[in-house]
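Working notes, structure below.
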Amino acid sequence: MEPIFQRPLTSRGSESYEQLKIFTLVDTNTLTVTLFRAVRPPVAMLLCGSEGGMQRALLCSYDWKSQTLYRESVLRVETLVLEKMSRVDRFRLGLKRPVPETVEAF
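Quick note on numbering: the sequence shown equals residues 9 to 114 in the working numbering.
Next comes the structure, spelled out in C-alpha coordinates:
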(Lines of atoms letter the chains of each structure in order from A; the text may use other names.)
(Lines give C-alpha, C1' and ligand atoms only; values in the text may rest on other atoms or scores of the structure.)
Protein backbone atom coordinates (compact mmCIF):
# COMPACT_ATOMS: atom_id res chain seq x y z
CA MET A 9 0.00 0.00 0.00
CA GLU A 10 1.31 3.46 -0.87
CA PRO A 11 2.38 5.68 2.07
CA ILE A 12 -0.30 8.32 1.34
CA PHE A 13 -3.00 5.71 1.98
CA GLN A 14 -1.39 4.58 5.25
CA ARG A 15 -1.80 7.96 6.98
CA PRO A 16 -4.97 8.38 9.04
CA LEU A 17 -7.79 10.01 7.10
CA THR A 18 -8.61 12.25 10.06
CA SER A 19 -5.46 14.31 9.45
CA ARG A 20 -6.35 14.92 5.80
CA GLY A 21 -8.65 17.93 6.37
CA SER A 22 -5.92 20.57 6.56
CA GLU A 23 -4.60 20.17 3.01
CA SER A 24 -4.44 23.08 0.60
CA TYR A 25 -6.69 23.30 -2.45
CA GLU A 26 -4.14 22.17 -5.06
CA GLN A 27 -2.87 19.08 -3.17
CA LEU A 28 -3.86 15.50 -3.94
CA LYS A 29 -6.79 14.13 -1.95
CA ILE A 30 -8.01 10.57 -1.51
CA PHE A 31 -11.30 9.57 -3.18
CA THR A 32 -13.23 6.30 -3.26
CA LEU A 33 -14.91 4.91 -6.37
CA VAL A 34 -17.69 2.43 -5.56
CA ASP A 35 -18.73 0.42 -8.62
CA THR A 36 -22.05 -1.30 -7.91
CA ASN A 37 -21.94 -3.08 -11.28
CA THR A 38 -18.68 -4.99 -10.74
CA LEU A 39 -18.94 -4.86 -6.92
CA THR A 40 -15.52 -3.24 -6.49
CA VAL A 41 -14.18 -0.37 -4.39
CA THR A 42 -11.16 1.60 -5.61
CA LEU A 43 -9.12 4.23 -3.76
CA PHE A 44 -7.43 6.86 -5.92
CA ARG A 45 -5.83 10.28 -5.58
CA ALA A 46 -6.89 13.46 -7.39
CA VAL A 47 -6.77 17.22 -6.86
CA ARG A 48 -10.47 17.75 -7.63
CA PRO A 49 -13.37 15.29 -7.39
CA PRO A 50 -13.98 13.55 -10.74
CA VAL A 51 -17.48 13.74 -12.22
CA ALA A 52 -16.96 11.63 -15.37
CA MET A 53 -15.17 8.46 -16.45
CA LEU A 54 -13.91 8.21 -20.03
CA LEU A 55 -12.78 4.83 -21.35
CA CYS A 56 -10.04 5.43 -23.89
CA GLY A 57 -8.10 2.22 -24.42
CA SER A 58 -7.41 -1.32 -23.32
CA GLU A 59 -4.41 -2.96 -21.71
CA GLY A 60 -3.95 -6.51 -20.49
CA GLY A 61 -7.65 -7.38 -20.81
CA MET A 62 -8.77 -4.31 -18.86
CA GLN A 63 -9.96 -0.87 -19.96
CA ARG A 64 -7.96 2.33 -19.37
CA ALA A 65 -10.22 4.96 -17.77
CA LEU A 66 -9.66 8.69 -17.34
CA LEU A 67 -11.41 10.14 -14.29
CA CYS A 68 -12.20 13.77 -15.11
CA SER A 69 -13.41 16.90 -13.35
CA TYR A 70 -15.46 19.49 -15.23
CA ASP A 71 -14.77 23.19 -15.66
CA TRP A 72 -18.10 24.83 -16.54
CA LYS A 73 -16.46 28.12 -17.59
CA SER A 74 -14.52 26.54 -20.44
CA GLN A 75 -16.85 23.53 -20.84
CA THR A 76 -13.83 21.22 -20.56
CA LEU A 77 -13.25 17.88 -18.86
CA TYR A 78 -9.83 17.76 -17.14
CA ARG A 79 -7.95 14.56 -16.36
CA GLU A 80 -7.65 14.02 -12.61
CA SER A 81 -6.61 10.36 -12.40
CA VAL A 82 -6.15 7.25 -14.55
CA LEU A 83 -7.47 3.80 -13.56
CA ARG A 84 -7.77 0.34 -15.04
CA VAL A 85 -11.30 -1.06 -14.92
CA GLU A 86 -12.80 -4.39 -15.92
CA THR A 87 -13.96 -4.79 -19.53
CA LEU A 88 -17.48 -5.51 -18.24
CA VAL A 89 -17.79 -1.77 -17.50
CA LEU A 90 -17.49 -0.92 -21.22
CA GLU A 91 -20.71 -2.76 -22.07
CA LYS A 92 -22.76 -0.71 -19.58
CA MET A 93 -21.49 2.76 -20.58
CA SER A 94 -23.07 5.07 -23.12
CA ARG A 95 -21.11 6.73 -25.94
CA VAL A 96 -20.74 10.44 -26.58
CA ASP A 97 -20.10 12.03 -29.97
CA ARG A 98 -17.51 14.54 -28.82
CA PHE A 99 -16.13 16.34 -25.79
CA ARG A 100 -13.39 18.80 -24.88
CA LEU A 101 -10.56 17.24 -22.88
CA GLY A 102 -7.73 19.00 -21.07
CA LEU A 103 -4.84 16.92 -19.76
CA LYS A 104 -3.76 19.53 -17.21
CA ARG A 105 -6.00 22.16 -15.66
CA PRO A 106 -4.44 25.63 -15.71
CA VAL A 107 -3.63 27.06 -12.29
CA PRO A 108 -6.27 29.69 -11.51
CA GLU A 109 -5.09 33.23 -11.01
CA THR A 110 -6.13 34.59 -7.64
CA VAL A 111 -6.19 38.13 -6.38
CA GLU A 112 -5.34 38.71 -2.75
CA ALA A 113 -7.76 40.91 -0.83
CA PHE A 114 -6.20 43.59 1.33
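Where a beta carbon is used, it is the ideal one built from N, C-alpha and C, also for glycine. Given the structure is predicted, the values throughout are model-derived calculations rather than measurements.
For residue i, which residues in the same chain have their Cβ closer than 8 angstroms to its Cβ, ignoring the five residues on either side in sequence?
i	result
Cys68	Pro50, Val51, Ala52, Met53, Leu54, Leu77, Tyr78, Arg79, Glu80, Leu101
Leu90	Leu55, Gln63
Lys92	Asn37
Gly57	Gln63, Arg64
Glu59	Arg84
Thr87	Ser58, Gly61, Met62, Gln63
With 16 as the cutoff for other CB atoms within 10 Å, does residue i come out buried or exposed?
i	result
Gln27	exposed
Leu39	exposed
Val96	exposed
I'd like to know whether the C-beta atoms of residue i and residue j end up nearer to each other than 7 angstroms.
i	j	result
Leu43	Thr36	no
Val47	Val41	no
Val85	Leu66	no
Quick check on this structure: which residue in the options has the alpha carbon closest to the alpha carbon of residue i?
i	options	result
Gln75	Arg98, Ile30, Arg45	Arg98
Asp71	Lys104, Arg45, Leu88, Ser94	Lys104
Lys73	Gly60, Thr87, Pro106	Pro106
Along the chain, where does the beta strand (DSSP E) containing residue i start, and where does it finish?
i	result
Glu86	76 to 86
Lys73	It is not in any beta strand (DSSP E) - Lys73 carries neither H nor E in the DSSP assignment.
Leu54	52 to 59
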